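As they're listed, the protein sequences go chains A and B. Under my numbering, the first residue of the first sequence is numbered 3, with each subsequent residue one higher. Under my numbering, the first residue of the second sequence is numbered 3, with each subsequent residue one higher. To start, the structure itself, in structure tokens.
There are 2 protein chains.
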Amino acid sequence: MASHRQIRLGVSMIGLGYHLAAWRHPDAPAGGNMELQHFVRVTQAAERGLFDMAFLADGVGIRFHDEPPGALCHTSKNVQFEPLTLLSALAMVTERIGLVATASTTYNEPYHVARKFASLDHISDGRAGWNVVTSVTDMEARNFNRDKAPGYDARYDRAAEFVEVVRGLWESWEDDAFVRDKASGLNYDPGKLHVLDHHGPHFQVRGPLNVARTPQGAPVIVQAGASEQGRELAAATADVVYAAAQRLEDAQAYYASVKGRMARYGRAPEALKIMPGIMAVPGRTRQEAEDKYAVLQELVQPVVGLGALSNYLGDLSGFPLEGPVPEPTNRRMHSRAQIFLDIARRGGLSIRQLYLAVAGGNGHRLVIGTPVDIADAMEEWFLNGAADGFNILPPWLPGGLEDVVEMVVPELQRRGLYRTGYESRTLRGNLGIAWPEHRRAGVKRAAIAQALGSAAQ
Amino acid sequence: MASHRQIRLGVSMIGLGYHLAAWRHPDAPAGGNMELQHFVRVTQAAERGLFDMAFLADGVGIRFHDEPPGALCHTSKNVQFEPLTLLSALAMVTERIGLVATASTTYNEPYHVARKFASLDHISDGRAGWNVVTSVTDMEARNFNRDKAPGYDARYDRAAEFVEVVRGLWESWEDDAFVRDKASGLNYDPGKLHVLDHHGPHFQVRGPLNVARTPQGAPVIVQAGASEQGRELAAATADVVYAAAQRLEDAQAYYASVKGRMARYGRAPEALKIMPGIMAVPGRTRQEAEDKYAVLQELVQPVVGLGALSNYLGDLSGFPLEGPVPEPTNRRMHSRAQIFLDIARRGGLSIRQLYLAVAGGNGHRLVIGTPVDIADAMEEWFLNGAADGFNILPPWLPGGLEDVVEMVVPELQRRGLYRTGYESRTLRGNLGIAWPEHRRAGVKRAAIAQALGSAAQ
């Protein structure tokens, strides 16, 4: 196995795939978003492809506006498994692939989140990751005693403290705290138990966590971090960033921006892997690849295309489909809305052209071509300061992922850019991220030793 | 398979077992409370015994006071898996046994809980159950922004509304809502989606749930319900009650009290299965059984025995071990404290004798003897209005459970009191509890039909 820098791969295995019309694809199981065997097949395909991780996006509510009316019932973006339960099940039918679940910091309690991910890390023997998000939609807010989502600053303040508390709880026990000596009856060494006793503006959490330190020391932390505060939080705490960019120069700027912030937190740039999303559609020929994608594009109904735009730009159904994209009066998610508008303005796109342009990757990079084309696209970003790896967004599942595993992975391996076998049993090990030293280990023992030393003088 | 009334069995598979010294038992894996394979073995043993369900107790924090100091580090009641992640994993290595997880209503949000149990029900193909509890200890409160637990009334008011919201969310979609017609592009029938829009004193939850209606219609609801409000909540909403009683007359009174309350909620008594806990210790002879139990009793250290009492009666370490149990000045959990005091008073027990008396079943019924003795004890309660089945509390795991499966189950089968094969693929089916009709199904369609009818007149 190569010791030089290698491309990391993840798969975002949302429901039937990323494309708006995925569930209508002839090869997709139409009800797969609620079928366990569908996800077993997807995760096992990714593991066959030696992917670092399978990633499960999530919302705490339906996050697709029924605007214009009829949009929602024509998509499959309605029901799904809850990520931590699903990934715990998938841990039992996989061996090496990392399992990353999204959990929101906005309507959760850190103690619950710390426990669940620690538990998944034990169940999977060191393959758990937490994708840290804030919940931005009012649709989700209404499931949690609110009418509207908290504002940007409030969400990020809470998220930063939330992550701090979770990381602290994961250090409740030192690695070798549990002696479990049946003869003496001592179960754990009390000097290796650390009570967090956190008191902050959002949370008061005493601890300790009632889960032992995990096989990875701590589950891997993943973030998206597009905005200013998001980048800062990622630089401070993330192991992996799931980025979104269409163009090399944007990806480079983002990469430099996040890595450049790490020094102030005492972190080396290599400690964080930046993995932009990429929708890769391989074919044996370019024509075959384009034909594959066209199958999906032709299945996008206008009501669904408008619905997809409405989630960011508001309802545009009052404007002509073939006309230009108007300046939106009701932007719903600022950073993604801006990506959509940039795409429209750069290409001079009509409303219909815009929704078709984002129907696949929802603003992520789209590459359609031969395995060589796709490997070229990845290599360019990987070698030019734009990416440490990629999150694959399959347009439909499982076929769209299986195509990447069977066609693109061998081409990356041929170039020496990708592993030919897993390096480690843990996600952290495969990503090449260092073991997280326990920040409080030895502190109590040092204090005791000092006290004993003083007494001896 | 018999069509007459049969005994239901569950197993409470807490950590290394129910006995205080379980982890020190020569055959117990000392670190099993954090070993997945330990729970795989336990659950598979219960399934071999055709148990209705495996039940996982839980606390959102360590719930064992370190009083007197040193008590906590000499028990294994410190770390554990989080129940929903663990049971999701165990769903993959079992086929028929029900999987019941405890989740607190005190520091959770109903939307999260509804999703996770619905997801587990889909993962397990209809074997999920939710043990509804309130969190009573201050130790848990301190992990959730509080210094003390809410009072009894506040906890039960919240719990009752919490269950109502969860049940409503589980009815967000009708069973046949998802048509998933690839040709027309219609994913679901909008007339079969129900928005909850709950506004209550504790919760404002719009819905819909982003999980389809589950294989069981709704996960099975389990409760303990010892107190007045607990009994009322159980009578109103529970499918199973996990009761605690030492004596036949107490169990009968409890059984009659809960079943007697059901009519006012329009429920038949058979709709609820009352299953008291029982610690059963079988041996080929009575002497062998007693010797087995003595192995554990001899491993109870005084500091741990006092610790176990302190959780209910406060710290008694200032009183002589061989002296009488004093009237406690610091009762921590009223109903269990009363059970402990009754045991002490009835037997005229010393402090040491009391902690040894409750070291096993923590106040639940204890039966040590031959398989015939244990089957007699179960049959007496089952036939005399005290129980519909039993939750087995194995003193240690997995051996204590395997003994019951291998010795007691065949005796119950010989008497025609217990199944010889599972009747159903779902927990609800095995328990013999009716399918929960969707309370809002057809409502929209009826309204539409009426509107169309009016228009036609």
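All residues carry an ideal CB built from backbone N, CA and C; glycine is no exception. Keep in mind the model is a prediction, meaning the values are calculated, not measured.
Label residue 289(A) either buried or exposed according to how many other C-beta atoms from any shown protein chain fall within 10 Å of its C-beta, with 16 as the threshold for buried. exposed
Mind checking who residue 216(A) pairs with in its DSSP beta bridge? 219(A)
DSSP beta-bridge partners for residue 172(B)? None; residue 172(B) has no bridge partner.
C-alpha distance - residue 137(A) paired with residue 166(B), whole-angstrom precision: 25 Å
On the CB-based measure, 16 or more other CB atoms within 10 Å of its CB, does residue 332(B) come out buried or exposed? exposed
So the beta strand (DSSP E) residue 104(B) belongs to, where does it begin and stop? 100-106
Just confirm the distance between the C-beta atoms of residue 54(A) and residue 12(A), as a whole number of angstroms; I'd bet it's less than 8 Å. 6 Å
Through-space distance from residue 250(A) to residue 343(A), alpha-carbon basis: 18 Å
Taking the alpha-carbon of residue 304(B) as reference, which of 291(B), 314(B) and 318(B) has the nearest alpha-carbon? 318(B)
Would you kindly report the start and end of the unbroken beta strand (DSSP E) that includes residue 183(B)? 180-183
To the nearest angstrom, how far is it from the Cα of residue 39(B) to the Cα of residue 258(A)? 45 Å
Could you have a look at residue 16(B) and say whether DSSP puts it in helix, strand or coil? coil
I need the straight-line Cα distance from residue 144(A) to residue 63(A), nearest angstrom please. 9 Å
Residue 228(B) and residue 246(B) look like a contact to me (Cβ under 8 Å); what is the Cβ gap, rounded to whole Å? 6 Å
Residue 151(A): contacting residues in chain B (beta-carbon distance under 7 Å): Under the 7 Å cutoff, chain B gives no residues; its nearest Cβ is about 13 Å from residue 151(A).
If you measure between the beta carbons of residue 125(B) and residue 48(B), is that distance less than 8 Å? no
Residue range of the alpha helix (DSSP H) that residue 368(B) falls in? Per DSSP, residue 368(B) belongs to no alpha helix (DSSP H); it is in the beta strand (DSSP E), 367-371.
Alpha carbon to alpha carbon, what distance is there between residue 161(A) and residue 393(A)? 23 Å
Apply the 10 Å Cβ neighbour rule to residue 9(B) and answer buried if 16 or more other Cβ atoms are within range, or exposed otherwise. buried
Name, in chain order, the residues that DSSP records as bridge partners for residue 206(B). 201(B)
Return the residue from the list 367(B), 419(B) and 348(B) that minimises the CA-CA distance to residue 381(B). 419(B)
If I follow the unbroken alpha helix (DSSP H) through residue 1(B), where does it start and stop? Past the boundaries of the shown model lies residue 1(B); chain B is included only from 3 to 459, so the question cannot be answered.
Please compile the residues from chain B whose C-beta is within a distance smaller than 8 Å of the C-beta of residue 25(A). 182, 184 and 189
Quick one: Cα of residue 377(B) to Cα of residue 52(B), how far? 16 Å
At a Cβ threshold of 8 Å, is residue 113(A) touching chain B? yes
Quick one: Cα of residue 204(B) to Cα of residue 433(B), how far? 32 Å
Could you please tell me which residues of the region 203-233 of chain B, in chain order, have their CB closer than 7 Å to any CB of chain A? 205, 206, 207, 208, 209, 210, 212, 213 and 214
Under a CB-based cut-off of 8 Å, is residue 36(A) close to chain B? yes
For residue 302(B), report the span of its alpha helix (DSSP H) as first-last. Taken as a continuous stretch (DSSP letters only), residue 302(B) belongs to no alpha helix (DSSP H), as it is neither H nor E.
Please tell me whether residue 424(B) has its Cβ less than 8 Å away from any Cβ of chain A. no
Report the partner residues of residue 279(A) according to the DSSP bridge assignment. 393(A)
If we ignore side chains and look at the alpha-carbon of each, how far apart do residue 153(A) and residue 369(A) end up? 35 Å
What runs of the alpha helix (DSSP H), each 4 residues or longer, lie entirely inside the region 309-361 of chain B? 336-349 and 353-360
Are residue 69(A) and residue 109(B) closer than 8 Å when you measure CB to CB? no
Considering only DSSP beta bridges, list what residue 131(A) is partnered with. 102(A) and 222(A)
Report yes or no: is there a C-beta of chain A within less than 8 Å of the C-beta of residue 294(B)? no
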